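Colleague: Following this message is one structure expressed as structure tokens.
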Amino acid sequence: MGETREPDRSAERREMLEWHLEARGIRDRRVLEAMAHVPRELFVPAAAAAEAYADSPLAIGHGQTISQPYIVALTAEAARIGPGDRVLEVGTGSGYAAAVYAAMGAEVWSIEYVPELAQDARRALTAAGFASVGVVTGDGTLGLPERAPFDAILAAAAGPDIPGPWIEQLTDGGRIVMPLERHAGWQQLVRVTRLGDDVTMDDLGAVRFVPLRGAHGTG
Ligand code: SAH
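Just so you know, we're using our numbering here: the sequence shown kicks off at 49 and counts up by one.
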């Protein structure tokens with residue numbers, strides 16, 4: 049009685065899976081199952097809940113955005129996240145991507161530069177059932193030495209180069225997925241894999257992200 053109930057958005061979530069993810073080639077069952085499960089509407093401002101499953105980034109305040117669903121899926125698939133992996137996310141933003149990685153069974157640490165966004169993300173993660181995600185405020189280009197090493201380090205902000213601390217904080221066989229600045233307005237999503245003292249790099253295509261700030265970012 050008098051209770052306000054959130055609209056059920058599971059049908060929109062299924063359409064997102066079919067049209068934005070599977071139709072574009074996302075195949076990893078763990079990614080698809082995680083994204084079928086995480087309520088994206090809890091990670092956008094309440095006024096934007098009806099657009100939560102749109103195929104676009106959405107503003108979350110402080111000049112930042114929640115990543116487009118396809119980009120989250122592509123990043124998670126490329127990083128080959130598996131149950132029990134220790135994952136560092138740089139750029140918590142809304143907390144949505146962190147929730148997806150946690151839903152894939154990873155132990156997730158996430159760093160956010162803007163304290164207010166970190167606070168909002170903690171609240172959203174708790175409301176969505178992902179209170180186990182550790183959200184830290186700070187400069188993620190330095191990594192998180194006290195929790196290293198990581199099986200995967202994932203960034204949703206574009207920098208000029210792979211930050212050195214990330215390579216140092218990666219396990220043998222660990223993966224970094226991040227966008228690199230190429231030319232003005234043009235970025236390339238890459239996957240770096242550490243094998244012993246060597247690293248290999250794969251190109252995952254052209255993307256648009258906000259800038260990665262901080263010591264090993266754009267400053
Ligand atoms: N994955 C997020 C999207 C994040 S947008 C989501 O699903 O909502 C990128 C975020 O990176 C922004 O919130 C921005 O404040 C943050 N950021 C930029 N540079 C950073 C840095 N050096 N350390 C931590 N966070 C950073």
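Yeah, the Cβ is synthetic: ideal placement off N, Cα and C, and Gly gets one too. Quick caveat: nothing in here was measured; it's all calculated off a predicted structure.
Mind checking which residues open and close the beta strand (DSSP E) that includes residue 136?
Modeller: On the sequence shown, position 88 is the one that residue 136 refers to. From DSSP, the beta strand (DSSP E) with residue 136 extends over 134 to 138.
Colleague: Between residue 171 and the ligand SAH, is the CB less than 7 Å from at least one heavy atom?
Modeller: For this step, residue 171 is matched to residue 123 along the sequence shown. Outside the cutoff, so no.
Colleague: What residues are listed by DSSP as bridge partners for residue 250?
Modeller: Taking the first residue of the sequence shown as 1, we reach residue 250 at position 202. According to DSSP, residue 250 bridges with 239.
Colleague: Do you know whose CA, among 95, 88, 208 and 116, lies nearest residue 105's CA?
Modeller: Against the sequence shown, residue 105 aligns to sequence position 57. Comparing Cα positions, the closest option is 116.
Colleague: What residue range does the alpha helix (DSSP H) around residue 219 cover?
Modeller: Along the sequence shown, read from residue 1 onward, the residue named residue 219 stands at position 171. Not the alpha helix (DSSP H): residue 219 falls in the beta strand (DSSP E), residues 218 to 231.
Colleague: What is the DSSP secondary structure of residue 162, reduced to helix, strand or coil?
Modeller: Along the sequence shown, read from residue 1 onward, the residue named residue 162 stands at position 114. Residue state, collapsed to three classes: coil.
Colleague: If you run the structure through DSSP and keep just helix, strand and coil, what is residue 109?
Modeller: Position 61 of the sequence shown, counted from the first residue, corresponds to residue 109. Here residue 109 sits in strand by DSSP.
Colleague: If you reduce the DSSP assignment to three classes, tell me which class residue 259 lands in.
Modeller: Here the question's residue 259 lines up with position 211 in the sequence shown. Three-state result, residue 259: strand.
Colleague: With respect to the alpha helix (DSSP H) encompassing residue 150, which residues constitute its N-terminal and C-terminal limits?
Modeller: Here the question's residue 150 lines up with position 102 in the sequence shown. Element bounds for residue 150: 144 to 151.
Colleague: If we count Cβ pairs, one from each stretch, closer than 8 Å, do we get three or more for the segment 126 to 135 versus the segment 184 to 202?
Modeller: Touching, per the Cβ criterion.
Colleague: Would you identify the three-state DSSP class for residue 205, choosing helix, strand or coil?
Modeller: Taking the first residue of the sequence shown as position 1, residue 205 is located at position 157. Note: residue 205 maps to strand in three-state DSSP.
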